[in-house]
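Chains as they are written, first to last, in my numbering: chain A, 1 to 92; chain B, 93 to 235.
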């Protein structure tokens with residue numbers, strides 16, 4: 001079964017753990033599922049709220065080491081808020 | 093909802109063929125990981141082709157290294173739900189992810205490989221990281 005993929009036809013980011021930065025205080029970490037007119041669909045999502053204090057970089061770094069503390073099983077980040085989508089693995 | 097057992101059977105076989113002991117119940121997890129002495133690798137298997145599809149062959153490569161854990165066990169996320177939930181209780185502050193790989197020494201997690209450290213990487217690259225961890229945590233100097 002090596003290399004067997006169960007989700008052909010999806011975006012190349014499908015299933016990849018990503019950091020979604022927004023034009024607001026919120027940063028999302030989780031698995032990218034898909035993207036449509038509503039926004040970016042993510043699964044098993046953790047959130048950093050810059051308005052509550054704490055460094056976003058520390059949050060990302062801690063999540064990379066210890067894993068993402070899921071607060072949303074499924075979340076849609078509105079399309080007009082998305083600034084960037086970056087695989088978490090590429091940031092480490 | 094779990095996948096069809098027939099669909100995941102080859103993924104289970106891939107693990108047992110390389111010598112991993114499959115744990116399918118919470119009781120089996122407790123009996124194997126609880127009070128564990130020495131070195132152990134716990135592989136949280138997954139149907140995800142983009143990550144587990146590279147993680148399994150990576151582990152197979154890594155287990156050819158000169159330094160390897162004394163025990164290699166596996167639980168299957170989304171399949172053996174109770175076993176996975178119990179195994180994760182032994183992972184302490186590390187959050188659930190699958191596939192993932194935990195290295196334990198005398199029952200304590202000393203190294204953890206999350207899904208995001210597997211995604212998009214070749215089996216060879218993942219195996220290189222694993223063997224480095226084997227050397228660091230299970231090598232003769234720390235035995």
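Virtual Cβ for every residue (Gly too), placed ideally from N, Cα, C.
Open item on the list: To be precise: take each residue of the region 207-218 of chain B, compare its Cβ to all Cβ atoms of chain A, and keep it if any distance is under 7 Å. Which residues remain?
Closed with: 207, 208, 209, 211 and 212
Open item on the list: Tell me which residues share the same chain as residue 70(A) and place their Cβ nearer than 7 Å to its Cβ, disregarding the 5 neighbours each side in the sequence.
Closed with: 44, 45 and 46
Open item on the list: Please report the straight-line C-alpha distance between residue 224(B) and residue 29(A), rounded to a whole angstrom.
Closed with: 27 Å
Task: Contact set between residue 64(A) and chain B, taken where Cβ atoms lie within less than 9 Å - done: 206, 208 and 209
- [ ] Could you name the residues that DSSP lists as bridge partners for residue 49(A)?
- [x] 26(A)
Open item on the list: Please list the terminal residues of the continuous beta strand (DSSP E) segment that includes residue 38(A).
Closed with: From DSSP, residue 38(A) is part of no beta strand (DSSP E); its letter is neither H nor E.
Task: Nearest neighbour of residue 229(B), chosen from 114(B), 131(B), 107(B) and 121(B) [CA to CA] - done: 131(B)
Task: Distance between residue 57(A) and residue 22(A) (C-alpha atoms, nearest Å) - done: 14 Å
Open item on the list: Three Cβ pairs or more, each shorter than 8 Å: is that satisfied between the region 144-160 of chain B and the region 191-203 of chain B?
Closed with: yes
Task: Partners in chain B for residue 30(A), counting only beta-carbon separations shorter than 7 Å - done: Under the 7 Å cutoff, chain B gives no residues; its nearest Cβ is about 10 Å from residue 30(A).
Task: 8 Å contact criterion, which residue 76(A) and residue 31(A) should meet: CB distance rounded - done: Actually they are not in contact, since the Cβ atoms of residue 76(A) and residue 31(A) sit about 13 Å apart, beyond 8 Å.
Task: Whole-number beta carbon distance between residue 14(A) and residue 27(A), since they are thought to touch under 8 Å - done: Their Cβ separation, rounded to whole angstroms, is 21 Å, which puts residue 27(A) and residue 14(A) out of contact at 8 Å.
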